[in-house]
Amino acid sequence: MATPSARHSSKAEELRKATTFHPSLWGDFFLTYQPPTAPQHACMKERAEVLREHVRNMVKGSTELPETLNLIITLQRLGLDYYYENEIDKLLQDVYNSDYNDKDLNLVSLRFYLLRKNNYDVSSDIVEHSESPLAKEVSFSLRTPLFRRVGILEAINYIPTYEKEVTRNEAILEFAKLNFNLQQLVFCEELKHCTVWWKKFLAKSKMTFVRDRIVEVYFWMNGTCYDPRYSHSRIILTKITSLVTILDDMFDTYGTTEEWNESAVPLLPEYMKGFYLFLLETFNSFEDELGPEKSYRVLYLKEAMKRLVLQYSKEAEWRDEDYVPETMSEHLQVSMESIGSVALACAAYVGMDDVITKDILEWVLSYPQFLTSFGIFVRLSNDLVSTKREQTADHSASTVHCYMKEHGTTMNDACEKIKELTEDSWKDMLEQCLALKELPKVVPRTVFDFSRTTDNMYKNCDAFTSSQALKKMIELLYVEPIPE
Numbered sequence: 001m002a003t004p005s006a007r008h009s010s011k012a013e014e015l016r017k018a019t020t021f022h023p024s025l026w027g028d029f030f031l032t033y034q035p036p037t038a039p040q041h042a043c044m045k046e047r048a049e050v051l052r053e054h055v056r057n058m059v060k061g062s063t064e065l066p067e068t069l070n071l072i073i074t075l076q077r078l079g080l081d082y083y084y085e086n087e088i089d090k091l092l093q094d095v096y097n098s099d100y101n102d103k104d105l106n107l108v109s110l111r112f113y114l115l116r117k118n119n120y121d122v123s124s125d126i127v128e129h130s131e132s133p134l135a136k137e138v139s140f141s142l143r144t145p146l147f148r149r150v151g152i153l154e155a156i157n158y159i160p161t162y163e164k165e166v167t168r169n170e171a172i173l174e175f176a177k178l179n180f181n182l183q184q185l186v187f188c189e190e191l192k193h194c195t196v197w198w199k200k201f202l203a204k205s206k207m208t209f210v211r212d213r214i215v216e217v218y219f220w221m222n223g224t225c226y227d228p229r230y231s232h233s234r235i236i237l238t239k240i241t242s243l244v245t246i247l248d249d250m251f252d253t254y255g256t257t258e259e260w261n262e263s264a265v266p267l268l269p270e271y272m273k274g275f276y277l278f279l280l281e282t283f284n285s286f287e288d289e290l291g292p293e294k295s296y297r298v299l300y301l302k303e304a305m306k307r308l309v310l311q312y313s314k315e316a317e318w319r320d321e322d323y324v325p326e327t328m329s330e331h332l333q334v335s336m337e338s339i340g341s342v343a344l345a346c347a348a349y350v351g352m353d354d355v356i357t358k359d360i361l362e363w364v365l366s367y368p369q370f371l372t373s374f375g376i377f378v379r380l381s382n383d384l385v386s387t388k389r390e391q392t393a394d395h396s397a398s399t400v401h402c403y404m405k406e407h408g409t410t411m412n413d414a415c416e417k418i419k420e421l422t423e424d425s426w427k428d429m430l431e432q433c434l435a436l437k438e439l440p441k442v443v444p445r446t447v448f449d450f451s452r453t454t455d456n457m458y459k460n461c462d463a464f465t466s467s468q469a470l471k472k473m474i475e476l477l478y479v480e481p482i483p484e
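For the sequence shown, full-length UniProt numbering puts the final residue at 484, and the numbers step up evenly by one.
Here it is as structure tokens:
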């Protein structure tokens, strides 16, 4: 009788030939991207700089509490707040320390929302006992956070809304439009770079079975690091996420544990050799791009990837042995790491400026409680939309299956419980973030932005695999400039 591993080896070979994903919706579209002429670009940047400083003076001159709170939330929703981080931090500190009219419930609610969003430890009691519409919305945000929206998508959606507001500020509106269009130029250049890299990978690896989703991956990672300063992070994240996706597919569907016992290239299965060599080449390119002072960071990324592969291997053993973990807890010990969240957080930090130190990268690899909750959030979000799709192939059991086995429930009941646990993990991140005040703000913010964009990808379906759901959002971000 054939062993489970032998049966799977035969089945894996069939799947390599038969399993297909729909082709890229974008083809070579971003390879042909042409930026505006140099004089046009220079004119746009010059006008944006004038407007940016005009708005800075408005921020510095804001003294009245209602005006200050409304200005801050407007800048955040328009995607302009990162230009004024220091000024906004000072305003929020003043807001936190100052007296206010606790009878004005809209003011109370907005104050609570902005302080909580910016990691101030404020009591929700006064909000939970108020009756204003905004108060109810913010109170609900304690269970389903109001700030779950992806920043870059919120900007493109809010700009036309702000334009219709009677109280709009024309300088802020003009700056928001111009800033978005300038960002779009940067993003399209990065997309072109990543598309060239991806085409090179496909040609070298000869992998025909992978999901051709480089544009969708960039869109996903763009939501994680949309600040224009973090170009390196977006590019590194996009490349690493693309490679992690391929690794996941190979372990999950195409490979067997027997094929992964040797690491030497000559002994790898044929379809792995090109991938492995290209992975090493990509790591080398990261070191060159980061320069001698920051190239050490790539060592941490390599270590994170090694740990990820170990967890993939464990899941492959479960699958080959038809093993379903007895409890959700047992499953999550492996799967909250195998979802790749820590490796991708590490990739984001590797590309950032000097604020990221060795101590921070050591902290990431220590898998602190904050990142554990992050991994659980991403894992459960993924499993909710992928479990039914993966029933058609030979996959390891998901958290949904484990919950069904542990509690004897139906799949629908298990999914409802997983939704609750997903929200619990978000609340855990919020609570744990309050203890991270010694870290630079960009560290927890990147994790929350990653969680938001993951939530967007998995909200109603697996939009990464079935990427038609993202087409309109991608067009809005990268194809259609905002009329000025």
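Ideal placement from N, C-alpha and C gives every residue a C-beta, glycine not left out.
Answer with buried or exposed for VAL59, where buried requires no fewer than 16 other C-beta atoms within 10 angstroms of its C-beta. Burial call: buried.
Which whole-angstrom value describes the C-beta separation of LEU421 and LEU380, a residue pair presumed to lie in contact below a C-beta threshold of 8 Å? Yes, LEU421 and LEU380 are in contact; Cβ-Cβ is about 6 Å, under 8 Å.
So which of PHE219, GLY274 and THR68 has the shortest CA-CA distance to residue 487? The question about residue 487 has no answer, for the chain in this structure spans 1 to 484.
Contact between the region 47-66 and the region 229-239: three or more CB pairs below 8 Å? Because the criterion of three Cβ pairs below 8 Å is not met, the region 47-66 and the region 229-239 do not touch.
At what residues does the alpha helix (DSSP H) containing LEU365 begin and finish? The continuous alpha helix (DSSP H) containing LEU365 extends over residues 358-365.
For HIS22, does the count of other Cβ atoms within 10 angstroms reach 16, so buried, or fall short, so exposed? Counting Cβ neighbours within 10 Å, HIS22 comes out exposed, since fewer than 16 surround it.
Using the Cα positions of LEU92 and LEU78, report the straight-line distance between them to the nearest angstrom. One C-alpha to the other measures close to 18 Å.
C-alpha gap between residue 486 and GLU287, whole angstroms: Since the first and last residues shown for the chain are 1 and 484, residue 486 lies out of range.
Here's the rule I'm using: 16 or more other beta-carbon atoms within 10 Å means buried, otherwise exposed. How should HIS401 be labelled? Answer is buried; the Cβ neighbour count reaches 16.
Could you work out which residue in GLU423, TRP198, TYR276 and PHE251 is closest to ASP320 when comparing CA atoms only? Minimum Cα distance to ASP320 is reached at PHE251.
Within 10 Å of its beta-carbon, does ASN179 have 16 or more other beta-carbons around it, so buried, or fewer, so exposed? Classified as buried, ASN179 has 16 or more neighbouring CB atoms from the shown chains inside 10 Å of its CB.
Just curious, the alpha helix (DSSP H) that MET404 is in, first and last residue? Start and end: 399-407.
Could you tell me which of TYR84, GLN76, PRO66 and ASN119 sits nearest to SER98, measuring between CA atoms? Comparing Cα-Cα distances from SER98 to each of TYR84, GLN76, PRO66 and ASN119, the minimum goes to PRO66.
Residue range of the alpha helix (DSSP H) that includes ILE152: Residues 151-164.
Environment of LYS117 [buried if 16+ CB atoms lie within 10 Å]: Burial call: buried.
Residue range of the alpha helix (DSSP H) that GLU174 falls in? GLU174 -> alpha helix (DSSP H) spans 170-205.
Same chain only: Cβ atoms within 8 Å of GLY274, ignoring 5 sequence neighbours per side: The answer, listed in chain order, is LYS204, SER205, LYS206 and MET207.
Measure the alpha-carbon distance for ARG56 versus VAL442 and round it to whole angstroms. Distance between the alpha carbons of ARG56 and VAL442 is about 21 Å.
At the level of alpha carbons, what is the spacing between ILE214 and ASN86? When rounded, the distance between both Cα atoms is 35 Å.
Which residue spans inside the UniProt domain "Terpene synthase N-terminal" (25-129) form an unbroken alpha helix (DSSP H) run of at least 4? For the UniProt domain "Terpene synthase N-terminal" (25-129), whole alpha helix (DSSP H) runs of length 4 or above, ordered along the chain, are 38-60, 65-77, 85-97, 105-117 and 125-128.
On a Cα-Cα basis, can you pick out the residue from MET411, TYR83 and ASN460 that is closest to ALA176? Ranking the options by Cα distance to ALA176, first place goes to TYR83.
Leaving out the 5 sequence neighbours to the left and right, which residues in its chain are closer than 7 Å to ALA383 when beta-carbon positions are compared? One detail in the question is off: residue 383 reads as Asp in this sequence, not Ala. Hits under 7 Å: SER398, THR399, VAL400 and ILE418.
According to DSSP, simplified to helix, strand and coil, what is ILE482? Per DSSP, reduced to three states, the secondary structure at ILE482 is coil, with no helix or strand assignment.
For ALA216, count neighbouring C-beta atoms within 10 Å of its own C-beta (all shown protein chains included) and say buried if the count is 16 or more, exposed if not. Correcting the residue identity first, residue 216 is Glu in this sequence and not Ala. Buried, by the Cβ-count rule.
So, at 8 Å on beta carbons, what are the nonlocal neighbours of ARG143 in its own chain, with the 5 sequence-adjacent residues on each side left out? Because ARG143 carries a pLDDT of 42, less than 50, the predicted location of this residue cannot be relied on, and the following value inherits that uncertainty. Cβ within range, chain order: GLU423 and LYS427.
For LEU301, tell me which candidate among ALA347, ARG229, SER338 and ASN157 has the shortest Cα-Cα distance. When each option's Cα is compared against that of LEU301, the closest is ALA347.
Within 10 angstroms of its Cβ, does residue 485 collect 16 or more other Cβ (buried), or is it exposed? Not covered by the structure: residue 485. The range shown for the chain is 1 to 484.
By Cβ distance below 7 Å, which residues in the same chain neighbour TRP197 in space, the five residues on each side in sequence not counted? A distance below 7 Å between beta-carbons, with the five flanking residues on each side excluded, links TRP197 to the following residues of its chain, in chain order: LYS239.
How many angstroms separate the CA atom of ALA38 from the CA atom of PHE147? When rounded, the distance between both Cα atoms is 37 Å.
Runs of alpha helix (DSSP H) lying entirely within the region 401-460, each at least 4 residues, in chain order: Counting only runs of 4 or more, we get 411-433 and 442-458.
Mark ARG211 as exposed unless 16 or more other C-beta atoms lie within 10 angstroms of its C-beta, in which case mark it buried. Per the 10 Å Cβ criterion, buried.
Could you check the C-alpha separation between VAL479 and ASP413 for me, to the nearest Å? Spanning the two alpha carbons is a distance of roughly 41 Å.
Here's a check: name, in chain order, each residue in its chain whose Cβ is nearer than 6 Å to the Cβ of PRO133, leaving out the five neighbours to either side. With a pLDDT of only 47 at PRO133, under 50, the local geometry of the prediction cannot be trusted, and the value read off the model is given with reservation. If we look at PRO133 and ignore the five residues flanking it on each side, it has no Cβ neighbours.
Determine the direct distance from the alpha carbon of CYS415 to that of MET404, and round the result to whole angstroms. Taking the Cα positions, MET404 is about 9 Å away from CYS415.
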